[in-house]
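Residue numbers (the UniProt record's numbering): 1 to 85.
Shown next as structure tokens:
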């Protein structure tokens, strides 16, 4: 038998196992602050924003073009032609 810190009461192994199991069950319960579906939506939105901002930064700052030209179709057809040829 195991003794408590105060040595006044004795616990059996079965009682110790029961209290340990109830503690483990309490620890396993997890409440998520942000649901999984919301996390997926947040990741998709952040990915799209990073692609758009990366295209604007690459074309306007690195390529020294106008940031508004990123949205023109002729710009993208020119980029695709350069990649394919």
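By construction, the Cβ of each residue, glycine as well, lies at the ideal position given by its N, Cα and C atoms.
Check: What's the C-alpha gap between residue 69 and residue 45?
Finding: So the two alpha carbons sit approximately 23 Å from each other.
Next item on the list: Look up residue 18 in the DSSP assignment and say whether it is helix, strand or coil.
Entry: In the three-state scheme derived from DSSP, where H, G and I count as helix and E and B as strand, residue 18 is classed as helix.
Margin query: Looking at the secondary structure, which residues open and close the alpha helix (DSSP H) in which residue 73 lies?
Written below: Per DSSP, residue 73 belongs to the alpha helix (DSSP H) from 73 to 84.
Notebook entry, point to check: Roughly how many angstroms lie between the CA atoms of residue 86 and residue 42, to the nearest whole one?
Noted result: What the structure shows of the chain is the stretch from 1 to 85, and residue 86 is not part of that stretch, so it cannot be assessed.
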